[in-house]
Every structure is written in C-alpha cells, then in structure tokens.
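By the numbering used here, the letter at position 57 of the sequence shown is numbered 50, and the numbering carries on one by one without gaps.
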Amino acid sequence: TDGRVYRLDLNSKYEAMGFTSKYPRGAFALKERTEGVRTTLLDVVWQTGKTGKVTPVGIIKSVNIDGA
C-alpha cells in the first residue's frame, strides 16, 4: 500500500460532519513517505484532446523502481 485512510468510528458523527464538494469531513488520507528516484526529461510532446485542450506530456528516461 502507499497510504492509509482514517475515518471516524461512529457512523452518526461521521455523517453529522458532512462532506466538502468532493470529500467526507469525517475521514482523511495519509501517504507513506517513499524513496524517490531521479530520471532525465528527454522530450516534451504536445497532445491535443477531443475538446481541443493541449496538454504537455513528458518523455522520460526509464528507471527501475523496487526491481520493477
């Protein structure tokens, strides 16, 4: 796993706290700190989506992470 989710144990309090526009107020997530790996940005390719939105996509040099 790369993190944990913490949630209020009492459903009544969890429900009473409500939600933001996206997330429950009675829960939160924490990510584990992991070791990073450096790589090299080789190129940037510009892709145009169906709606015409242009998005940069980075092409990076391959790296091994935990043997994968």
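By construction, the Cβ of each residue, glycine as well, lies at the ideal position given by its N, Cα and C atoms.
These numbers were taken from a predicted model, which means no experiment stands behind them.
Looking from the CA of Pro17, the closest CA among Lys6, Val30, Arg26 belongs to Lys6.
Shown here, Tyr7 sits in a helix according to DSSP, grouped into three states. Distance check between Phe21 and each of Val(-2), Gly60, Phe12, Thr33 places Val(-2) closest, using alpha-carbon atoms only.
For the 8 Å CB-CB criterion, Leu34 and Ile58 do not form a contact. Beyond the five residues adjoining it in sequence on each side, Gln40 comes within less than 6 Å, by CB distance, of Thr48, Val50 in the same chain, given in chain order.
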